[in-house]
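*Asks:* Protein sequence lines correspond, in order, to chains A and B.
All letters in the first sequence, in the order written, are residues 1 to 440 by the working numbering.
All letters in the second sequence, in the order written, are residues 1 to 329 by the working numbering.
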Amino acid sequence: MTKRIIGCVLLAAVMGVLIYVCFAGISIGSFVIPPKLGLYSDEGGIRRGLDLDGGALVTFEPIIDGEYDGDLDANLNTVVEIMRKRLTNLGYTEGNVYRTGAQGITVEIPGISSPEDAIDVLGQTANLSFVTSDGEVVLTGKDIVSATPGYLSQTNQFVVMMKISSDAVSRFSEATKRMAGLSSDKNFIAILLDDTQIAKPYVENQITSEECIITTNTQEQATEYAAVIAAGALPFALDAIEQRSIGPTLGDGALESSLIAAFIGLLAVIALMIILYRLPGVVSAVALVFYVSIVCFICALFRINLSLPGIAGIILSIGMAVDANVIIFERIKEELTAGKSTSGAVSSGFDKALLAIIDSNITTVIAAVVLLIFGKGTIQGFAVTLLIGVLCSMFTAVIVTKYLLRSLVVFGVRNPVLYGLSKKNAEQRQLAANKNGGAA
Amino acid sequence: MNKLTITSKGKLIVTVGIIIIALGIIGMVVSYIFKDNPDIGLRWGIDFTGGTVFNFSIKRDVAKEDLDKVESIVRDVTGETPSLVQKTTVTAVDTAILNSTDIITVKCNTNKNADRRAILSAFAAEFSLPFSSEGDGEDSVDASKIEWLLSSDSVGPAAASDLLKAAIIATVTAAVLMLVYISIRFDLFSGVAAVVALLHDISMMIIFNLIFGVQINLPFIAAVLTILGYSINATIIIFDRIRENNRLMQGATCEEVAEKSIRQTMRRSVFTSLTTLFTIVILYILSVPSIREFSFPIIVGIIAGFYSSVFISGNVWILLKNKFSKKKN
Numbered sequence: 001m002t003k004r005i006i007g008c009v010l011l012a013a014v015m016g017v018l019i020y021v022c023f024a025g026i027s028i029g030s031f032v033i034p035p036k037l038g039l040y041s042d043e044g045g046i047r048r049g050l051d052l053d054g055g056a057l058v059t060f061e062p063i064i065d066g067e068y069d070g071d072l073d074a075n076l077n078t079v080v081e082i083m084r085k086r087l088t089n090l091g092y093t094e095g096n097v098y099r100t101g102a103q104g105i106t107v108e109i110p111g112i113s114s115p116e117d118a119i120d121v122l123g124q125t126a127n128l129s130f131v132t133s134d135g136e137v138v139l140t141g142k143d144i145v146s147a148t149p150g151y152l153s154q155t156n157q158f159v160v161m162m163k164i165s166s167d168a169v170s171r172f173s174e175a176t177k178r179m180a181g182l183s184s185d186k187n188f189i190a191i192l193l194d195d196t197q198i199a200k201p202y203v204e205n206q207i208t209s210e211e212c213i214i215t216t217n218t219q220e221q222a223t224e225y226a227a228v229i230a231a232g233a234l235p236f237a238l239d240a241i242e243q244r245s246i247g248p249t250l251g252d253g254a255l256e257s258s259l260i261a262a263f264i265g266l267l268a269v270i271a272l273m274i275i276l277y278r279l280p281g282v283v284s285a286v287a288l289v290f291y292v293s294i295v296c297f298i299c300a301l302f303r304i305n306l307s308l309p310g311i312a313g314i315i316l317s318i319g320m321a322v323d324a325n326v327i328i329f330e331r332i333k334e335e336l337t338a339g340k341s342t343s344g345a346v347s348s349g350f351d352k353a354l355l356a357i358i359d360s361n362i363t364t365v366i367a368a369v370v371l372l373i374f375g376k377g378t379i380q381g382f383a384v385t386l387l388i389g390v391l392c393s394m395f396t397a398v399i400v401t402k403y404l405l406r407s408l409v410v411f412g413v414r415n416p417v418l419y420g421l422s423k424k425n426a427e428q429r430q431l432a433a434n435k436n437g438g439a440a
Numbered sequence: 001m002n003k004l005t006i007t008s009k010g011k012l013i014v015t016v017g018i019i020i021i022a023l024g025i026i027g028m029v030v031s032y033i034f035k036d037n038p039d040i041g042l043r044w045g046i047d048f049t050g051g052t053v054f055n056f057s058i059k060r061d062v063a064k065e066d067l068d069k070v071e072s073i074v075r076d077v078t079g080e081t082p083s084l085v086q087k088t089t090v091t092a093v094d095t096a097i098l099n100s101t102d103i104i105t106v107k108c109n110t111n112k113n114a115d116r117r118a119i120l121s122a123f124a125a126e127f128s129l130p131f132s133s134e135g136d137g138e139d140s141v142d143a144s145k146i147e148w149l150l151s152s153d154s155v156g157p158a159a160a161s162d163l164l165k166a167a168i169i170a171t172v173t174a175a176v177l178m179l180v181y182i183s184i185r186f187d188l189f190s191g192v193a194a195v196v197a198l199l200h201d202i203s204m205m206i207i208f209n210l211i212f213g214v215q216i217n218l219p220f221i222a223a224v225l226t227i228l229g230y231s232i233n234a235t236i237i238i239f240d241r242i243r244e245n246n247r248l249m250q251g252a253t254c255e256e257v258a259e260k261s262i263r264q265t266m267r268r269s270v271f272t273s274l275t276t277l278f279t280i281v282i283l284y285i286l287s288v289p290s291i292r293e294f295s296f297p298i299i300v301g302i303i304a305g306f307y308s309s310v311f312i313s314g315n316v317w318i319l320l321k322n323k324f325s326k327k328k329n
């Protein structure tokens, strides 16, 4: 009994703290969750997806005819670097560039609704240039005649054999003479794509002919550099295959109305449960509030990227979370009708319902995991919150509800009518009990 | 014993169910064949066809003539008639800025950056909305923040066919996994019955999307998979009861066992569908177009799922059991 009281107080305390943290935020050392889960802050907590914040998301893919013979992976990483620089140059310092799928590159630009101009700039082919350590542009893509990978057997090195046009020879000769004379950390000519450095060969001697050799560390590197230098640019062009943008007016409104929808949904489900199940309904309402605060807390803790479909997943899971309770309460009611004591009915109601609850939740988990694997972008966001929702609801709807209901029974709340037994059945039961009592 | 009201009509219920599944499949196949014709079959969205969709406000209420103007602007730029031009009302917008809850949705086949810019700039000129695409890189930052453009989505044809492939694989994978899971936990008859119920639900979602002209994009696939997981819950609860009652009711027929199990779980089936329906309807009312593409089929799926779990799955199980099971009572 004392243990039960302590348990219930602890449970209430945990719930109170969770709810408090969700509204007021928390800050312990470097761990920070801002007020309102960080929904309105960038300091921590939940990250707002682009569809809530407003902004554009553009995915580029390389245009490749047939088999690509260079190192696609390395080149794509170079493009990511180039795009980051371009994004900053455009003034979008909050932007984000990352690789998606096998060969996609996704650029996120917060706050803009019409990314057409940005796409033009971002999608340009990057240009090659050879720049000396003192900043002079010696060669550009059009000065290159050819570049092929090779191998020097006498020094056992992989190299790029490069040929430049005759007009560029005097410029290159002058620059290599100047560089070769510099101290050992300044004697280089950097090879750049846009502003991104892809190699930094050191100049050993002045180069006076049209042909020269750049040594590299590996065969792959030699092939790679040769391909880029020969193309005078990245050896593929980029195509914007997907573009999605949400204007700031829709973003704000969407977040507000989704939160309102979630709140009304929660109240509606609580009201329905209390009307349908009386005392257990109240218990399930407590478990449901607990459930919502756990889900919110987890989203803030792991800094989940919350998109509109993600919120839809949470709202949907509020309706689904009480399913386990409905199954349990119906069972308890049946056990009571069958004549069991309140305590016995609560126990066997949970036992008999458990298997069915686990079975039915596993199918939702299967669906969510399939979506997580095959889905894209915001759909994955939906799968994540649905998955979090199902797993958390198993905990609150089974374990928390069971603990609270058992505690109520232990505390002496045992009138079967409160647990859903109909008045008629209760009267019959009372009559039978009196009769038995009289007979004995 | 109660009268067998659900199971006595078994053959009729199953026949109607199979007709609905057939309609759904026909609807899907026809829509797929005529994927490029917007007038036949489902309204495929750009996720699966490629193209561009703009949702924008003209900062006042939308009249019929406005839609005609939009249509002719798009035709002038792309050379093709847009496959969709319609007025939608959304609650989730800031009317202080946009003056109206009316928005225009237009779908066209181009996904070229230059076309998009040309279309937007023509809209701006036609409806006297602020837009500036000229100027150098620095100006373009501000020009891109157009508040009357609520959303713009564009997908290339290759990306669209990849998305469609992934969607089909995901749906089939999920359905097969459910069949395997139920066949292991219960028996093959239950597994088949559950899948028949699922096919019914998906068919209903397709049929209703067809009737109401709701766009089919990635959110629809998310809705289908959610219903796959959700609707099967109710079926499992019923089969779980059937399994239990099979032990308790020695000597009873399949019909009697199924009828009793369905009745015992009926309140649960109704209430769970109700709570979920409550939340999703509220989401539908208070939301933006992209979420409606998701919440509408879910609403249909939950209602269809309730019907199929209660009326179809048990009856299919009985038919299979009586036909193929040697151990008849």
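All C-beta atoms in this analysis are idealised placements derived from N, C-alpha and C, irrespective of residue type, glycine included.
Just reading off the beta strand (DSSP E) that L149 of chain B is part of, what are its end residues?
*Replies:* The count along the second sequence starts at 1 and reaches residue 149 of chain B at position 149. It spans L149 to V155 - the beta strand (DSSP E) in which L149 of chain B sits, taken as one unbroken run.
*Asks:* Is it true that the CB of V155 of chain B sits closer than 8 Å to the CB of I104 of chain B?
*Replies:* Working through the second sequence from its first residue, we reach residue 104 of chain B at position 104. Working through the second sequence from its first residue, we reach residue 155 of chain B at position 155. Their beta carbons are not under 8 Å apart, which means I104 of chain B does not touch V155 of chain B by this criterion.
*Asks:* Does chain A have any CB closer than 8 Å to the CB of K145 of chain B?
*Replies:* In the second sequence, counting from the first residue as 1, residue 145 of chain B sits at position 145. Yes, contact with chain A.
*Asks:* L4 of chain B to L218 of chain B, Cα distance in whole Å?
*Replies:* On the second sequence, residue 4 of chain B is found 4 positions in, with the first residue counted as 1. On the second sequence, residue 218 of chain B is found 218 positions in, with the first residue counted as 1. One C-alpha to the other measures close to 42 Å.
*Asks:* Applying the 10 Å Cβ sphere with the 16-neighbour rule, what's the burial state of I189 of chain A?
*Replies:* Numbered from its first residue, the first sequence carries residue 189 of chain A at position 189. The residue is buried, with at least 16 neighbouring Cβ atoms inside 10 Å.
*Asks:* I need the straight-line Cα distance from S422 of chain A to G305 of chain B, nearest angstrom please.
*Replies:* Residue 422 of chain A sits at position 422 when you count from the first residue of the first sequence. Residue 305 of chain B sits at position 305 when you count from the first residue of the second sequence. When rounded, the distance between both Cα atoms is 29 Å.
*Asks:* If you follow the alpha helix (DSSP H) that N55 of chain B is part of, which residue opens it and which one closes it?
*Replies:* For the purposes of this step, residue 55 of chain B is identified with residue 55 of the second sequence, where counting begins at 1. Where N55 of chain B is concerned, there is no enclosing alpha helix (DSSP H), although the beta strand (DSSP E) it sits in stretches over G51 to F56.
*Asks:* Pull up the DSSP beta-bridge partners for V270 of chain B, would you.
*Replies:* Indexing the second sequence from 1 puts residue 270 of chain B at position 270. According to DSSP, V270 of chain B bridges with nothing at all.
*Asks:* Can you tell me where the alpha helix (DSSP H) with Q380 of chain A in it begins and where it stops?
*Replies:* As a first step, residue 380 of chain A must be located in the first sequence, where it is residue number 380. T378 to M394 is the span of the alpha helix (DSSP H), which, as asked, contains Q380 of chain A.
*Asks:* Using a cut-off of 9 Å between C-beta atoms, extract the partners of R414 of chain A located in chain B.
*Replies:* Residue mapping note: residue 414 of chain A aligns to position 414 of the first sequence, counting from 1. None at all; the shortest Cβ gap to chain B is about 23 Å.
*Asks:* In its own chain, which residues sit with a C-beta less than 6 Å from the C-beta of F189 of chain B, not counting the 5 before and 5 after it?
*Replies:* Counting from 1 along the second sequence, the entry for residue 189 of chain B is found at position 189. Cβ neighbours of F189 of chain B beyond the five flanking positions: W317, L320 and K321.
*Asks:* Please list the terminal residues of the continuous beta strand (DSSP E) segment that includes K107 of chain B.
*Replies:* Start at 1 with the first residue of the second sequence, and residue 107 of chain B comes out as number 107. Taken as a continuous stretch (DSSP letters only), the beta strand (DSSP E) holding K107 of chain B covers D102 to C108.
*Asks:* Would you check if the distance between the CB atom of L234 of chain A and the CB atom of T125 of chain A is smaller than 8 Å?
*Replies:* Taking the first residue of the first sequence as 1, we reach residue 234 of chain A at position 234. Taking the first residue of the first sequence as 1, we reach residue 125 of chain A at position 125. Result yes, Cβ atoms of L234 of chain A and T125 of chain A sit closer than 8 Å.
*Asks:* Measure the alpha-carbon distance for M205 of chain B versus R292 of chain B and round it to whole angstroms.
*Replies:* In the second sequence, residue 205 of chain B corresponds to position 205, counting from 1. In the second sequence, residue 292 of chain B corresponds to position 292, counting from 1. Near 13 Å, if we compare the C-alpha coordinates of R292 of chain B and M205 of chain B.
*Asks:* Taking its Cβ as the centre, do 16 or more other Cβ atoms sit within 10 Å of L215 of chain B, making it buried, or is it exposed?
*Replies:* The sequence position of residue 215 of chain B within the second sequence is 215, counting from 1. First, the residue type needs correcting, since residue 215 of chain B is Gln and not Leu in the sequence shown. The residue in question, Q215 of chain B, is buried, as its Cβ has 16 or more Cβ neighbours within 10 Å.
*Asks:* Are there 16 or more other CB atoms within 10 angstroms of the CB of T15 of chain B, so buried, or fewer, so exposed?
*Replies:* For the purposes of this step, residue 15 of chain B is taken as the residue at position 15 of the second sequence. It is exposed - the Cβ of T15 of chain B has fewer than 16 other Cβ atoms within 10 Å.
*Asks:* Going by other Cβ atoms of all chains shown within 10 Å of its Cβ, with 16 needed for buried, is Y92 of chain A buried or exposed?
*Replies:* Numbered from 1 along the first sequence, position 92 holds the residue referred to as residue 92 of chain A. So Y92 of chain A counts as buried.
*Asks:* Return the Cβ separation of L11 of chain A and L274 of chain B in integer angstroms, given the expectation that the two are a contact with Cβ distance under 8 Å.
*Replies:* Residue 11 of chain A sits at position 11 when you count from the first residue of the first sequence. Residue 274 of chain B sits at position 274 when you count from the first residue of the second sequence. Wrong, their Cβ atoms sit about 28 Å apart, outside the cutoff.
*Asks:* Does Y307 of chain B have its Cβ less than 8 Å from a Cβ in chain A?
*Replies:* As a working note, residue 307 of chain B is residue 307 in the second sequence. No, because no Cβ of chain A sits closer than 8 Å to the Cβ of Y307 of chain B.
*Asks:* Is the beta carbon of L150 of chain B closer than 8 Å to that of Q249 of chain A?
*Replies:* Counting from one through the first sequence, the residue named residue 249 of chain A turns up at place 249. Counting from one through the second sequence, the residue named residue 150 of chain B turns up at place 150. Just to set this straight, residue 249 of chain A is Thr in the shown sequence, not Gln. Yes, Cβ-Cβ distance for T249 of chain A and L150 of chain B is below 8 Å.
*Asks:* For I262 of chain B versus V310 of chain B, is the C-beta distance shorter than 8 Å?
*Replies:* By one-based count along the second sequence, residue 262 of chain B stands at place 262. By one-based count along the second sequence, residue 310 of chain B stands at place 310. Cβ distance < 8 Å, so I262 of chain B and V310 of chain B count as in contact.
*Asks:* From the beta carbon of I304 of chain A, is the nearest beta carbon of chain B less than 8 Å away?
*Replies:* Here residue 304 of chain A corresponds to residue number 304 of the first sequence, with the count starting at 1. False, the Cβ-Cβ gap to chain B never drops below 8 Å.
*Asks:* Please confirm whether L198 of chain B and M178 of chain B have their CB atoms less than 8 Å apart.
*Replies:* On the second sequence, position 198 is the one that residue 198 of chain B refers to. On the second sequence, position 178 is the one that residue 178 of chain B refers to. Yes, these two residues count as a Cβ contact at 8 Å.
*Asks:* So that I know if they touch, is there some Cβ in chain A lying closer than 8 Å to that of N113 of chain B?
*Replies:* By one-based count along the second sequence, residue 113 of chain B stands at place 113. It does; some Cβ of chain A falls within 8 Å.
*Asks:* By Cβ distance, which residues of its chain are closer than 8 Å to N127 of chain A, with the 5 residues on each side in sequence left out?
*Replies:* Locating residue 127 of chain A in the first sequence gives position 127, where the first residue counts as 1. Closer than 8 Å at the Cβ level, and outside the excluded window around N127 of chain A, lie T140, G141, L193, D194, G232 and A233.
*Asks:* So what does DSSP say about D139 of chain B, is it helix, strand or coil?
*Replies:* As a first step, residue 139 of chain B is located in the second sequence; it is residue number 139 there, counting from the start. Its pLDDT being 44, under 50, D139 of chain B is placed unreliably by the model, and the measurement read from it follows with that caveat. Three-state DSSP puts D139 of chain B in a helix.
*Asks:* So, using beta-carbon positions, are I109 of chain A and A168 of chain A closer together than 8 Å?
*Replies:* Counting from one through the first sequence, the residue named residue 109 of chain A turns up at place 109. Counting from one through the first sequence, the residue named residue 168 of chain A turns up at place 168. No; because the gap between Cβ atoms is not below 8 Å, this pair is not in contact.
*Asks:* On a Cα-Cα basis, can you pick out the residue from A:G150, A:I144 and A:F236 that is closest to S166 of chain A?
*Replies:* As a first step, residue 166 of chain A is located in the first sequence; it is residue number 166 there, counting from the start. S166 of chain A has its Cα closest to that of A:I144, out of A:G150, A:I144 and A:F236.
*Asks:* For P309 of chain A, count the other beta carbons within 10 Å of its own beta carbon; 16 or more makes it buried, fewer makes it exposed. Which is it?
*Replies:* Start at 1 with the first residue of the first sequence, and residue 309 of chain A comes out as number 309. Flag for P309 of chain A reads buried.
*Asks:* Could you list the residues in the segment 312 to 326 of chain A with a C-beta less than 7 Å from some C-beta on chain B, going in chain order?
*Replies:* The residues in question are A312, I315, L316, I318, G319, M320, V322, D323 and V326.
*Asks:* Taking only runs that begin and end inside the segment 207 to 239 of chain A, name each unbroken beta strand (DSSP E) of 3 or more residues, in chain order.
*Replies:* 211 to 216, all fully within the segment 207 to 239 of chain A.
*Asks:* Ignore the nearest five residues each way along the sequence and tell me which others in A356 of chain A's own chain have a CB closer than 7 Å to its CB.
*Replies:* The sequence position of residue 356 of chain A within the first sequence is 356, counting from 1. These residues qualify, in order along the chain: I327.
*Asks:* Expressed to the nearest angstrom, what Euclidean distance is found between the alpha-carbon atoms of D240 of chain B and R331 of chain A?
*Replies:* To locate residue 240 of chain B, count along the second sequence from 1; it is residue 240. To locate residue 331 of chain A, count along the first sequence from 1; it is residue 331. Their backbone Cα atoms lie some 13 Å apart in a straight line.
*Asks:* DSSP three-state call for T2 of chain A: helix, strand or coil?
*Replies:* Taking the first sequence and counting its residues from 1, one reaches residue 2 of chain A at position 2. Here T2 of chain A sits in helix by DSSP.
*Asks:* Given a cut-off of 8 Å, decide if I298 of chain A and I399 of chain A are closer than it, judged by their beta-carbon atoms.
*Replies:* Stepping through the first sequence from its first residue, residue 399 of chain A is reached at position 399. Stepping through the first sequence from its first residue, residue 298 of chain A is reached at position 298. No, they are not a contact pair.
*Asks:* If the cut-off is 8 Å on Cβ atoms, which residues from the segment 266 to 277 of chain B count as contacting chain A, listed in chain order?
*Replies:* If the cut-off is 8 Å between Cβ atoms, the segment 266 to 277 of chain B has R267, R268, F271, T272, L274, T275, T276 and L277 near chain A.
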